[in-house]
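> Sequential numbering from 1 applies to the sequence shown in my numbering. Think of the CB as a built atom: it goes at the ideal place given N, C-alpha and C, for glycine as much as any other residue. Everything numeric in this text was worked out from a predicted model, so none of it was measured. Got a structure for you, written out below as structure tokens; questions coming shortly.
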Amino acid sequence: MTPQTAAIQPVSVAMRAYGAQATARSDFGNMVGEATRGALNTLRQSEATSARGVAGTADVQEVVQAAAAAELTVQVVTQLRDRALSAYSDVLRMTV
């Protein structure tokens with residue numbers, strides 16, 4: 001646990017209760033990695049469901065739900081990319 005979070009008693013108790021080990025360097029990287037893996041898994045599952053729908057082995061509702069999940073995932077990833085590029089652009093425009 002980092003010293004900053006150890007000073008906040010409720011956070012420290014909650015982190016110990018859930019067995020979380022906070023490392024400032026890897027938390028953000030882990031979060032981004034997990035989000036990326038989740039998005040890729042959603043897209044792969046949607047593609048597989050669509051293929052089964054074309055083959056006639058998947059229910060129409062299942063195919064529609066998979067397509068909606070894929071569309072939402074692509075929209076979120078696109079928004080995150082746009083926000084990251086905008087933040088990067090803002091940093092580049094800062095005067096030092």
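Classify A66 as helix, strand or coil using the three-state DSSP reduction.
The answer is helix: DSSP assigns A66 an H, G or I state.
> From A70 to A58, what distance separates their C-alpha atoms?
Looking at the two C-alpha atoms, the distance is approximately 16 Å.
> Can you give the Cα-Cα distance for S46 and A68, rounded to whole angstroms?
Cα to Cα, S46 sits roughly 9 Å from A68.
> Check each candidate in A66, R93 and N41 and name the one with the smallest Cα separation from G53.
Per the Cα distances, A66.
> Taking the Cβ atom as the reference point for each residue, do T73 and A48 lie within a distance shorter than 8 Å?
No, they are not a contact pair.
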